[in-house]
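Peer 1: When you line the sequence shown up against this note's numbering, it's residues 42 to 229, in that order. Beta carbons are placed, not taken as given, at the ideal position from N, Cα and C, and that holds for glycine. Before I ask anything, here is the structure I am working with.
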Amino acid sequence: MSESDAPWPARVVVGVSGSLGSHTALCRAAREARRRNAELWPVLTWEPPGGELGARRTAAASPCTVDWQRLARERLLAALDDVFGAAGPGVALHPLVARGAPGRALVEIADREDDVLVVGAGRRGRLRRALSRSVSRYCLAHATCSVLAVPPSPLAAQLASVHRRNAWRWRLDTRRLEDPAEALPPDA
């Protein structure tokens with residue numbers, strides 16, 4: 042069966058978090074959706090603080106759920122506006138906010154054989170890899186559709202480098218200002 046004979050339109054599902062890496066993945070997913078004449082499904086997932094188990098234990102969690110979902114929706118709309126602005130992506134857009142772990146939720150949404158799942162594959166240090174699970178690795182291991190792992194933008198590496206350099210200067214400056222007398226001009 043060809044793509045045009047499918048009983049449903051082709052979809053490009055993309056994970057969005059609002060980070061620079063997810064903006065890069067969203068741009069790539071829109072390009073892929075235009076190329077395939079497919080619908081673009083940007084998905085932002087969220088979990089209650091403390092996870093689902095923590096939310097079940099807390100009786101007051103249910104009123105907060107509405108607020109958390111609203112905040113997730115606002116974050117998704119802000120990411121779409123940051124990337125596409127008023128012009129839009131140029132394809133049918135179906136933004137979705139899903140509750141659950143990001144990898145699992147994305148794999149469940151991109152459940153059709155002809156879907157394409159786009160995820161950011163950011164560079165992560167050894168410590169971060171050890172402490173947190175990778176959404177892109179989960180999707181690559183569990184998805185039943187094609188997965189496109191988008192490397193981070195070169196701009197992200199430049200920004201990280203500038204941030205590290207500025208943080209180092211800030212630490213040096215704060216050490217210099219530990220003695221208030223040193224902060225005063227010589228003629229004061």
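(1) Give me the residue from L137, A79, L158 with the minimum Cα distance to C180.
(2) Thinking R69 and V188 are a contact (beta carbons under 8 Å), I'd like their distance in whole angstroms, please.
(3) Hey, would you say V148 sits closer than 8 Å to A66, going by beta carbons?
(4) Are the CB atoms of L81 and V57 nearer to each other than 8 Å?
(5) Compare the Cα-Cα distances from G131 to each of G62, L85, L61, E73 and report the closest residue.
(6) Less than 8 Å between the C-beta atoms of V51 and A79, yes or no?
(7) Find out if the Cβ-Cβ distance for the pair R114, V138 is shorter than 8 Å.
(8) From what residue to what residue does the alpha helix (DSSP H) around V176 run?
(9) Identify which residue in L118, R76, T185, D108 has its Cα closest to the Cα of E88.
(10) DSSP has L147 in a bridge; who is on the other side?
(11) Is L112 closer than 8 Å to P83 when the C-beta atoms are compared?
(12) Ends of the alpha helix (DSSP H) at G62?
(13) Measure how close the beta-carbons of G62 and P193 come, nearest whole angstrom, since I'm counting them as under 8 Å.
(14) Counting only the same chain and skipping the five closest in sequence on each side, list residues whose C-beta sits under 8 Å from that of W49.
(15) Give me the Cβ distance between P136 and T86, rounded to the nearest whole Å; I'm assuming they're in contact under 8 Å.
(16) How many Å lie between V176 and G141 at the Cα?
(17) In this structure, does DSSP put G131 in helix, strand or coil?
(18) Let's see if you can read the secondary structure: which residues bound the beta strand (DSSP E) around E80?
Peer 2: Reading off the structure:
(1) L158
(2) R69 to V188, Cβ: 12 Å. No contact.
(3) no
(4) no
(5) E73
(6) Reading off the sequence, residue 51 comes out as Ala, not Val. It is a contact, given that the beta carbons lie within the stated cut-off.
(7) yes
(8) 176–183
(9) D108
(10) DSSP, once it has assigned bridges, lists no residue as partnering L147.
(11) no
(12) 61–77
(13) 5 Å
(14) R153
(15) Wrong, their Cβ atoms sit about 12 Å apart, outside the cutoff.
(16) 12 Å
(17) coil
(18) 80–87
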